[in-house]
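Trainee:
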Amino acid sequence: HGTSKINSKGHLEIGGCDVTGLAKEFGTPLYIVDESLVRQRAREFMDAFRATGLRHQVAYASKAFCVMAMCRLVEEEGMSLDVVSDGELYTALQAGFPAERIHFHGNNKTPEEIEMALEAGIGCFVVDNFNELHLLNALAADHGKRVNILLRITPGVEAHTHDYISTGQQDSKFGFDLGNGTAFQAIETALGLPNLKVLGVHSHIGSQIFEVEGFRMAVEKVSGFAVDIRDKLNYTFTVLNLGGGFGIRYVEGDQPLPVGVYVQAIADAVRSTCENANFPLPEIWIEPGRSIVGDAGTTLYTVGTSKDIPGVRKYIAVDGGMTDNPRPALYESKYEAVLANRANDRPDDLVSVAGKCCESGDMLIWDLNLPAVQSGDLLAVFCTGAYNYAMASNYNRIRRPAVVFVKDGQADLVVARETYDNIIGNDLIPQRLRKQA
Ligand code: LLP
Numbered sequence: 004h005g006t007s008k009i010n011s012k013g014h015l016e017i018g019g020c021d022v023t024g025l026a027k028e029f030g031t032p033l034y035i036v037d038e039s040l041v042r043q044r045a046r047e048f049m050d051a052f053r054a055t056g057l058r059h060q061v062a063y064a065s066k067a068f069c070v071m072a073m074c075r076l077v078e079e080e081g082m083s084l085d086v087v088s089d090g091e092l093y094t095a096l097q098a099g100f101p102a103e104r105i106h107f108h109g110n111n112k113t114p115e116e117i118e119m120a121l122e123a124g125i126g127c128f129v130v131d132n133f134n135e136l137h138l139l140n141a142l143a144a145d146h147g148k149r150v151n152i153l154l155r156i157t158p159g160v161e162a163h164t165h166d167y168i169s170t171g172q173q174d175s176k177f178g179f180d181l182g183n184g185t186a187f188q189a190i191e192t193a194l195g196l197p198n199l200k201v202l203g204v205h206s207h208i209g210s211q212i213f214e215v216e217g218f219r220m221a222v223e224k225v226s227g228f229a230v231d232i233r234d235k236l237n238y239t240f241t242v243l244n245l246g247g248g249f250g251i252r253y254v255e256g257d258q259p260l261p262v263g264v265y266v267q268a269i270a271d272a273v274r275s276t277c278e279n280a281n282f283p284l285p286e287i288w289i290e291p292g293r294s295i296v297g298d299a300g301t302t303l304y305t306v307g308t309s310k311d312i313p314g315v316r317k318y319i320a321v322d323g324g325m326t327d328n329p330r331p332a333l334y335e336s337k338y339e340a341v342l343a344n345r346a347n348d349r350p351d352d353l354v355s356v357a358g359k360c361c362e363s364g365d366m367l368i369w370d371l372n373l374p375a376v377q378s379g380d381l382l383a384v385f386c387t388g389a390y391n392y393a394m395a396s397n398y399n400r401i402r403r404p405a406v407v408f409v410k411d412g413q414a415d416l417v418v419a420r421e422t423y424d425n426i427i428g429n430d431l432i433p434q435r436l437r438k439q440a
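To get UniProt numbering, take the position in the sequence shown, counting from 1, and add 3.
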């Protein structure tokens, strides 16, 4: 997919770069991002929305992969940006991302984070709870500002997804519940707070969704709520934000719909519910993360040791693992992979790919068909662009890998590999523990 192919040497090539060359130049493990594919995914969303004729904003959910170069790409592609912490906000601002196109999420924004966002003049706060409504109103007043908000509501729609990553059902830490009247009360409260300007509501029904039904139901619930608010409080929302969650293909059997199908279904549902209720068409915002950057990422590892337990299993171990990709350990996520330096060899061996962390659960792939593997071979694991670098850790004091963007035969480092000095950079030894000379 994307610009990946096997070249005449039998090597995997991405963005016109032979990955064996990338391994030599940048070392492994290495995250490789196919820049053209990121741009293509972004354009699929933008084009699909343009075709609906609805006013819209596509905000990239930066939690999926947030580094300064990515923020630049997102701006160039005309998208907005969703951040959920001071760190993501800082990254975006330092990259020169226009503040007015930044939306700030989160269920426990600290006063310091809100201050930072107010000072930067971001476009919108997605308010999650009553504490935040009052805190934001007070801090905005201190700044002499009236700020745009959406209220995050929990519509009670449960999309097809893995339990750990669903956020739309009623028993959730996020948002104001629609079912029990809390959401109504929240809007009523917000409308009474002078330093907040309510643009509308937000809902996010889950992640890695393969069907349109969940989005359709969410649109119905959310726009039903908008109509209710108009009728009872005489206030008309201008924005409906439907969150992210558009699925991608990690392995055979994952069957995401083309982006245009989700967007069209959302647009149709919005039009028909609004027409029925004689409600002015709102602006539609969405927040895709995984579907923008997920399949553009590949992680390149060097194979080290192996362990054959005859009749049971053959393990091969790579030079990374749960520190650069915790998703298999956290969610039992599945990935596909090839030997990047011998991509044409027959995959007639069955192996399981282990990481190098001191933990039995540190497995990347169970039961993978590969050519007979030797130490020094390069393993390329696909679809690691989203929630991999973003969720990487220094467990076992392993240094986080480098990230390169590849395009038209050119590879640019966008995150340097961590150094040993980065590892101990924040460590301090109290005087009484210092080694005496
Ligand atoms: N908007 C909101 C409010 C969200 O909570 C999320 C994801 C998104 C947008 C973007 O969703 P996406 O389009 O990427 O599915 N770490 C997990 C995923 C957690 C998603 C949390 N919220 C994973 O690795 O699968």
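All C-beta atoms in this analysis are idealised placements derived from N, C-alpha and C, irrespective of residue type, glycine included.
If you measure from the CB of M49, is any heavy atom of the ligand LLP nearer than 8 Å?
Mentor: If you number the sequence shown from 1, residue 49 lands on position 46. No.
Trainee: Let me know the secondary structure DSSP gives V376 once reduced to three states.
Mentor: Numbered from its first residue, the sequence shown carries residue 376 at position 373. In the structure shown, V376 sits in coil (DSSP, three-state: anything other than H, G, I, E or B).
Trainee: State the start and end residues of the unbroken alpha helix (DSSP H) segment that holds Y265.
Mentor: Locating residue 265 in the sequence shown gives position 262, counting from the first residue. Taken as a continuous stretch (DSSP letters only), the alpha helix (DSSP H) holding Y265 covers V262 to N279.
Trainee: Per DSSP, which one or two residues make a beta bridge with C20?
Mentor: Position 17 of the sequence shown, counted from the first residue, corresponds to residue 20. Note: C20 sits in a beta bridge opposite I17.
Trainee: Kindly confirm or deny that the region 93-111 and the region 308-320 touch, where touching means at least three C-beta pairs closer than 8 Å.
Mentor: With a cut-off of 8 Å, the region 308-320 and the region 93-111 do not count as touching, because too few Cβ pairs lie within range.
Trainee: Report the residue from I152, L33 and L139 whose alpha carbon sits nearest the alpha carbon of I117.
Mentor: Start at 1 with the first residue of the sequence shown, and residue 117 comes out as number 114. Measuring from the Cα of I117, the nearest candidate turns out to be L139.
Trainee: Apart from the five residues just before and just after V341, which ones in its own chain have a Cβ nearer than 6 Å to its Cβ?
Mentor: Here residue 341 is taken as the residue at index 338 of the sequence shown, counted from 1. Result list for V341: A383, in chain order.
Trainee: Below 8 Å on the Cβ atoms is my guess for S226 versus T301; work out the distance and round it to an integer in Å.
Mentor: For the purposes of this step, residue 226 is taken as the residue at position 223 of the sequence shown. For the purposes of this step, residue 301 is taken as the residue at position 298 of the sequence shown. No, S226 and T301 are not in contact; Cβ-Cβ is about 40 Å, not under 8 Å.
Trainee: Hey, could you find the ends of the beta strand (DSSP E) residue 3 is sitting in?
Mentor: Because residue 3 is not part of the residues shown, which for the chain are 4 to 440, the question remains open.
Trainee: Just curious, the beta strand (DSSP E) that F128 is in, first and last residue?
Mentor: Mapped onto the sequence shown, residue 128 falls at position 125. C127 to V130 is the extent of the beta strand (DSSP E) around F128.
Trainee: Give every residue of the same chain whose Cβ lies closer than 8 Å to the Cβ of K417, excluding the five residues on either side of it in the sequence, and list them in chain order.
Mentor: Stepping through the sequence shown from its first residue, residue 417 is reached at position 414. A small correction: the amino acid at residue 417 is Val; Lys does not occupy that position in the sequence shown. Cβ within range, chain order: V36, V70, M71, A72, M73, V406, V407 and F408.
Trainee: Check Q188 in the structure and name its three-state DSSP category.
Mentor: Taking the first residue of the sequence shown as position 1, residue 188 is located at position 185. Q188 falls in the helix class under three-state DSSP.
Trainee: Can we count M394 as close to the ligand LLP, meaning its CB is less than 8 Å from some heavy atom?
Mentor: Taking the sequence shown and counting its residues from 1, one reaches residue 394 at position 391. Correct: M394 has its Cβ closer than 8 Å to the ligand LLP.
Trainee: Quick one: what's got a C-beta closer than 6 Å to V296's C-beta in the same chain, skipping five residues either side?
Mentor: Translated into the one-based positions of the sequence shown, residue 296 becomes position 293. Cβ neighbours of V296 beyond the five flanking positions: V41, A67, F68, G388 and A389.
Trainee: Nearest by alpha-carbon distance to I105: which of V87, D180 and A343 is it?
Mentor: Working through the sequence shown from its first residue, we reach residue 105 at position 102. Nearest option by C-alpha distance: V87.
Trainee: Quick one: which unbroken beta strand (DSSP E) runs of 3-plus residues sit fully inside the region 390-431? Chain order, please.
Mentor: List check, beta strand (DSSP E) in window: 405-410 and 413-418.
Trainee: Let me check you understand the geometry: is the CB of P291 closer than 8 Å to at least one non-hydrogen atom of the ligand LLP?
Mentor: Against the sequence shown, residue 291 aligns to sequence position 288. The answer is yes for P291.
Trainee: Please name the residue in A343, D352, K112 and D327 whose C-alpha comes closest to that of K27.
Mentor: Taking the sequence shown and counting its residues from 1, the one referred to as residue 27 is at position 24. For the residues A343, D352, K112 and D327, the minimum Cα distance to K27 belongs to A343.
Trainee: What's the call for I156, buried or exposed, on a 16-neighbour Cβ count within 10 Å?
Mentor: Walking along the sequence shown from the start, residue 156 turns up at place 153. Buried, since its Cβ has 16 or more Cβ neighbours within 10 Å.
Trainee: Within 8 Å: the Cβ of R104 and any heavy atom of the ligand LLP?
Mentor: Sequence index remark: in the sequence shown, residue 104 carries index 101 (1-based). No - the ligand LLP has no heavy atom lying nearer than 8 Å to the Cβ of R104.
Trainee: Find out if the Cβ-Cβ distance for the pair H205, V129 is shorter than 9 Å.
Mentor: Numbered from its first residue, the sequence shown carries residue 205 at position 202. Numbered from its first residue, the sequence shown carries residue 129 at position 126. Contact: yes.
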